[in-house]
């Protein structure tokens, strides 16, 4: 089975692109969603996050995401410690999910793919890009947040230029119809490569 990693900076629309792959029958694993779910359901993860960031990290049984974000996106060391708690749990969750799939290829969507060298675990990598201002406007519409907070998160992520050097494919995600065509085209390329391998 071919494993394809899909990533993109905040507001690039990687989840929109993942949905397009899903619509044409490709199984998609969304690492960020799995991470959020594990933060809310794993007592072990909860305990470690509370140790790292304090009791305010949780409100009832749910993680307090705005509080956690306000802490870690200002402090790279804290962000790395949080990722060190969540990423191994997501990796084993993904392994379990993967063992149940039977399609020609799957998509693994994650916010961070190149930064830690995870792209090397995949047969192909796809980077979703969009102009900076488009990305900011999308996140302002989607999240209850400010331009400053969005830019702080962008500054914590690698630039598209740096990621493009490592990506096998780039989807420019500005116009929905154009993005759909790019997804169909990539699907053909990946299916062909599966036949040839």
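In UniProt numbering, the protein residues as written are 1 to 197.
Glycine is no exception: its CB is placed at the ideal position from the N, C-alpha and C atoms.
Bear in mind the structure is a predicted one, so any value in this text is a computation, not a measurement.
Could you give the uninterrupted runs of the alpha helix (DSSP H) lying entirely in the region 17-100, keeping only those of 4 residues or more? As for any alpha helix (DSSP H) of minimum length 4 sitting wholly inside the region 17-100, the runs are 31-41, 43-53, 65-72, 76-98, ordered along the chain.
Cβ shell of residue 123 (< 7 Å), same chain only, five flanking positions each side left out: Listed in chain order, the non-local C-beta contacts of residue 123 below 7 Å within the same chain comprise 2, 3, 4, local neighbours out to five positions each way being set aside.
If I measure Cβ to Cβ from residue 34 and keep anything under 6 Å in the same chain, skipping five residues before and after, which residues do I get? Answer for residue 34: 90, 93, listed in chain order.
Taking the beta carbon of residue 96 as the centre, do at least 16 other beta carbons fall within 10 Å, making it buried, or is it exposed? Under this definition residue 96 is an exposed residue.
Would you call residue 175 buried or exposed, if buried means 16 or more other Cβ atoms sit within 10 Å of its Cβ? When all chains shown are included, residue 175 counts as exposed.
Please confirm if the region 97-113 is in contact with the region 36-50, defined as three or more CB-CB distances below 8 Å between the two stretches. No: the two stretches stay apart, fewer than three of their Cβ pairs being nearer than 8 Å.
Look at the Cβ atom of residue 109, then the Cβ atom of residue 18, and state whether they are nearer than 7 Å. Cβ distance < 7 Å, so residue 109 and residue 18 count as in contact.
Identify whether residue 106 lies in helix, strand or coil by the three-state DSSP scheme. For residue 106, the secondary structure class from DSSP, reduced to helix, strand or coil, is strand.
Can you pull the DSSP bridge partners for residue 7? When beta bridges are read from the DSSP output, residue 7 appears opposite 127.
Provide the residue(s) that pair with residue 172 in DSSP beta bridges, ordered along the chain. Looking at the DSSP output, residue 172 sits in a beta bridge with 129.
Taking the alpha-carbon of residue 125 as reference, which of 131, 149, 171, 23 has the nearest alpha-carbon? Per the Cα distances, 171.
Residue 119: buried (16+ other C-beta within 10 angstroms of its C-beta) or exposed? By the 10 Å Cβ count, residue 119 comes out buried.
Rounded to whole angstroms, what's the CA-CA distance from residue 54 to residue 191? Just pull it up for me. Residue 54 and residue 191 have their C-alpha atoms spaced approximately 47 Å apart.
Residue 2 - DSSP class collapsed to helix/strand/coil: Reduced to three states, the DSSP call for residue 2 is strand.
Report the residue from 14, 38, 36, 73 whose alpha carbon sits nearest the alpha carbon of residue 154. Closest option to residue 154, Cα to Cα, is 73.
List the endpoints of the continuous alpha helix (DSSP H) containing residue 160. Boundaries of the alpha helix (DSSP H) harbouring residue 160: 160-164, taken from the DSSP string.
Going by DSSP, what residue range makes up the alpha helix (DSSP H) through residue 115? Per DSSP, residue 115 belongs to no alpha helix (DSSP H) and is neither H nor E.
Distance between beta carbons of residue 79 and residue 156, contact taken as under 8 Å: Confirmed, about 7 Å.
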